[in-house]
Amino acid sequence: MRTRIVNATLANGLKTSIDIVDGKIAGLSVSGAPDKTYDAGGKYVLPGIIDTHVHFREPGGEQKEDWTTGSHAAAAGGVTTVLDMPNTTPPTIDAGTLEQKRLLAAKSIVNYGFHLGATASNAGEIVKLQGKVAGVKIYVGSSTGSLLVAEDNELRKLFSLPGILWLVHAEDETLIQKNMGALGRVTDPGVHSWIRNWEVAIRAVKRVIALASETGARIHMCHISTKEEMMLIEQAKAERVRVTCEVSPHHLFLDESAYAAHSAFVKVNPPLRTPEDRLALWKGLHHGVIDIIATDHAPHTVQEKHQPYPQAPSGIPEVQTSLPMMLQVIGKKEFTLEWLVDVMCKKPAEIFSLNHKRCIEVTFVNGNLVFDNGKINEENKGKETHYE
391 MRTRIVNATL ANGLKTSIDI VDGKIAGLSV SGAPDKTYDA GGKYVLPGII
441 DTHVHFREPG GEQKEDWTTG SHAAAAGGVT TVLDMPNTTP PTIDAGTLEQ
491 KRLLAAKSIV NYGFHLGATA SNAGEIVKLQ GKVAGVKIYV GSSTGSLLVA
541 EDNELRKLFS LPGILWLVHA EDETLIQKNM GALGRVTDPG VHSWIRNWEV
591 AIRAVKRVIA LASETGARIH MCHISTKEEM MLIEQAKAER VRVTCEVSPH
641 HLFLDESAYA AHSAFVKVNP PLRTPEDRLA LWKGLHHGVI DIIATDHAPH
691 TVQEKHQPYP QAPSGIPEVQ TSLPMMLQVI GKKEFTLEWL VDVMCKKPAE
741 IFSLNHKRCI EVTFVNGNLV FDNGKINEEN KGKETHYE
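My numbering puts the first residue of the sequence shown at 391, with every later residue one more than the last.
Here it is, written out as structure tokens:
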């Protein structure tokens, strides 16, 4: 069956028609009669967004999210490919748990892939599963779940494995524990940004970059949140360290002042930072120091997030809102739709070696498939996003 989308506008402004044959894009401005015609009415047609950092919580956390609700939320937000993180229950750290997750993910309505989790003792599994996962996640600092590789000798051993893309959650675990001990029992969620302060991030990033430089490892720094991290990564790139990085929408649109209104609902790891950090991240994204946008979509139930600090878990659901949020900046400070496609589709596909065809599925913007007069119906189980 041939379907033709007419009156479509591409990210570069080109007005065209798009032919889809048996569910696959066949070309632009193709001759011949279609079986069905869809009039886009001049709306933009973008490649499907690739989110390389989601937590769909299944197995073990289905009350928070599962592959059905998570993938529907992704599709509703224009995201057509997701890469799921390993900190589920059980964690995805070997062939058995990877196969378990693969079977569960079969109900997804969007393309999907997986990251394996690193431990101090699963190097053999990492080597065996190379090519079957998009990357391997290392938690240098503790977060949701039990995965943690905090010692330099353990990191060095892992980084010495060839051909792996290492995704790093970079927070210094020793300093986190020291700061928690110094504060004692505190229920103000605002202290989260002090417990996991800029020094926690900088120490870890410095260590990881130094080890990557020493071993030649290829690293991807997850959810950077401070100006100083960005400067370290920029310097490392100049020194030809094999490093890329991402930023999450909550670190672009929110800062630590959000605790006053939203309490633990905006508790995330790494935490919200200063307004200065937030603006610096925008500049780094604009100038290409930051390579991609990835949501760190991390839903929890509303009941869980209503718990007092520190019991309330860390994470914000964002897979459905990332594209609508980013579209708000288009036209400002030279942010263009072509740039947006670059950081939310093309570069993610390049960094994670995804099939280029996954980057040409279509997403309509300023139309019913993403927006309905500016209102978004939440499809994920977490519901709360706290963007105004």
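In this text, a Cβ means the ideal position worked out from N, Cα and C, and glycines have one as well.
With three or more C-beta pairs closer than 8 angstroms as the rule, is the region 414–430 touching the region 657–667?
no
Please classify G606 as buried or exposed, where buried requires at least 16 neighbouring CB atoms within 10 angstroms.
Position 216 of the sequence shown, counted from the first residue, corresponds to residue 606. The residue is exposed, with fewer than 16 neighbouring Cβ atoms inside 10 Å.
Boundaries of the beta strand (DSSP E) in which T427 is found, first to last residue
Here residue 427 refers to the residue found at position 37 of the sequence shown. Start and end: 426–429.
Expressed to the nearest angstrom, what Euclidean distance is found between the alpha-carbon atoms of G553 and E629?
Stepping through the sequence shown from its first residue, residue 553 is reached at position 163. Stepping through the sequence shown from its first residue, residue 629 is reached at position 239. Each residue's Cα considered, the two are about 20 angstroms apart.
Could you check what DSSP says for N587 in three-state terms: helix, strand or coil?
Taking the sequence shown and counting its residues from 1, the one referred to as residue 587 is at position 197. In this structure, N587 counts as coil in the three-state DSSP scheme.
Contact between the region 702–709 and the region 720–735 is defined here as three or more beta-carbon pairs at a separation below 8 angstroms; is this criterion met?
no
Validate contact between the region 667–687 and the region 594–604 using beta carbons, cut 8 angstroms, 3 pairs
Using a C-beta cut-off of 8 angstroms, the region 667–687 makes no contact with the region 594–604, since fewer than three inter-stretch Cβ pairs fall below that distance.
So, using beta-carbon positions, are N397 and G431 closer together than 8 angstroms?
Numbered from 1 along the sequence shown, position 7 holds the residue referred to as residue 397. Numbered from 1 along the sequence shown, position 41 holds the residue referred to as residue 431. The answer is yes: Cβ separation under 8 angstroms.
What's the call for H677, buried or exposed, on a 16-neighbour Cβ count within 10 Å?
Locating residue 677 in the sequence shown gives position 287, counting from the first residue. Looking at its Cβ environment, which holds fewer than 16 other Cβ atoms inside 10 Å, H677 is exposed.
Roughly how many whole angstroms lie between the Cα atoms of I720 and T458?
Locating residue 720 in the sequence shown gives position 330, where the first residue counts as 1. Locating residue 458 in the sequence shown gives position 68, where the first residue counts as 1. Roughly 31 angstroms between the two C-alpha positions.
For G450, does the count of other Cβ atoms within 10 angstroms reach 16, so buried, or fall short, so exposed?
Within the sequence shown, residue 450 is the residue found at index 60, counting from 1. Flag for G450 reads exposed.
Can you have a look at E646 and say buried or exposed, based on whether 16 or more other CB atoms are within 10 angstroms of its CB?
Translated into positions along the sequence shown, residue 646 becomes position 256. With 16 or more Cβ atoms within 10 Å of its Cβ, E646 is classed as buried.
Return the chain-ordered ranges of every beta strand (DSSP E) run that is complete within the region 608–643 and spans a minimum of 3 residues.
608–611, 633–637
Just to confirm before moving on: does the CB-CB distance between E561 and G531 stay below 8 angstroms?
Counted from its first residue, the sequence shown places residue 561 at position 171. Counted from its first residue, the sequence shown places residue 531 at position 141. Going by C-beta atoms, E561 is nearer than 8 angstroms to G531.
Reduced DSSP secondary structure (H/G/I, E/B, other) of S536:
In the sequence shown, residue 536 corresponds to position 146, counting from 1. S536: coil per DSSP, three-state reduction.
Taking all protein chains shown into account, do 16 or more other C-beta atoms lie within 10 angstroms of the C-beta of E394, making it buried, or fewer, making it exposed?
Stepping through the sequence shown from its first residue, residue 394 is reached at position 4. Note on residue identity: the sequence assigns Arg, not Glu, to residue 394. R394 is buried by the Cβ-count criterion.
Cβ-based neighbour list, Y529, same chain, cut-off 6 angstroms, excluding 5 preceding and 5 following:
Against the sequence shown, residue 529 aligns to sequence position 139. For Y529, where only same-chain residues beyond five positions count, the Cβ hits under 6 angstroms are L537, L538, H559.
Expected contact under 8 angstroms - CB spacing of D442 and I682 to nearest Å
On the sequence shown, residue 442 is found 52 positions in, with the first residue counted as 1. On the sequence shown, residue 682 is found 292 positions in, with the first residue counted as 1. Note on identity: in this sequence residue 442 is Thr, with Asp being the wrong assignment. Their Cβ separation, rounded to whole angstroms, is 7 angstroms, which keeps T442 and I682 in contact under 8 angstroms.
Can you tell me whether L519 is helix, strand or coil according to DSSP?
Your numbering for residue 519 matches position 129 in the sequence shown. L519: coil per DSSP, three-state reduction.
Going by beta carbon distance, what residues of the same chain come within less than 8 angstroms of G413, once the five residues before and after it are set aside?
Counted from its first residue, the sequence shown places residue 413 at position 23. For G413, where only same-chain residues beyond five positions count, there are no Cβ hits under 8 angstroms.
Using DSSP's beta-bridge definition, name the partner residues of R394.
Indexing the sequence shown from 1 puts residue 394 at position 4. Answer is D409, T427.
Cβ shell of I410 (< 6 angstroms), same chain only, five flanking positions each side left out
As a first step, residue 410 is located in the sequence shown; it is residue number 20 there, counting from the start. In the same chain as I410, and ignoring 5 residues on each side of it, the C-beta atoms closer than 6 angstroms to its own belong to T393, in chain order.
Would you decide whether T509 is buried or exposed? Buried here means 16 or more other CB atoms lie within 10 Å of its CB.
Reading the sequence shown from its first residue, position 119 is the one you call residue 509. Looking at its Cβ environment, which holds 16 or more other Cβ atoms inside 10 Å, T509 is buried.
Could you check the C-alpha separation between E452 and T479 for me, to the nearest Å?
Taking the sequence shown and counting its residues from 1, the one referred to as residue 452 is at position 62. Taking the sequence shown and counting its residues from 1, the one referred to as residue 479 is at position 89. Each residue's alpha carbon lies about 10 angstroms from the other.
Since G503 sits in a beta bridge, which residues does DSSP pair it with?
The sequence position of residue 503 within the sequence shown is 113, counting from 1. Partner(s): L473.
Which whole-angstrom value is the C-beta distance of T482 and N501, which I expect to be below 8 angstroms?
On the sequence shown, residue 482 is found 92 positions in, with the first residue counted as 1. On the sequence shown, residue 501 is found 111 positions in, with the first residue counted as 1. Not really, about 18 angstroms apart at Cβ, beyond 8 angstroms.
Could you pull out every residue in the same chain whose Cβ sits closer than 6 angstroms to the Cβ of Y609, ignoring the five residues on either side in sequence?
Looking up residue 609 in the sequence shown gives position 219. Note that residue 609 is Ile in the sequence shown here, rather than Tyr. Excluding positions up to five away in sequence, the list reads W556, V558, A602, V633.
Quick check: D542 and R597, are their CB atoms within less than 8 angstroms of each other?
Position 152 of the sequence shown, counted from the start, is the residue given in the question as residue 542. Position 207 of the sequence shown, counted from the start, is the residue given in the question as residue 597. Cβ atoms of D542 and R597: closer than 8 angstroms.
Between the C-alpha atoms of L488 and A684, what's the straight-line distance to the nearest angstrom?
Along the sequence shown, read from residue 1 onward, the residue named residue 488 stands at position 98. Along the sequence shown, read from residue 1 onward, the residue named residue 684 stands at position 294. Using only the alpha carbons, I get a separation of about 22 angstroms.
Any idea what DSSP makes of G417, helix, strand or coil?
Taking the sequence shown and counting its residues from 1, one reaches residue 417 at position 27. Correct three-state label for G417: strand.
The beta strand (DSSP E) that contains I528, what's its start and end?
Here residue 528 refers to the residue found at position 138 of the sequence shown. I528 -> beta strand (DSSP E) spans 525–529.
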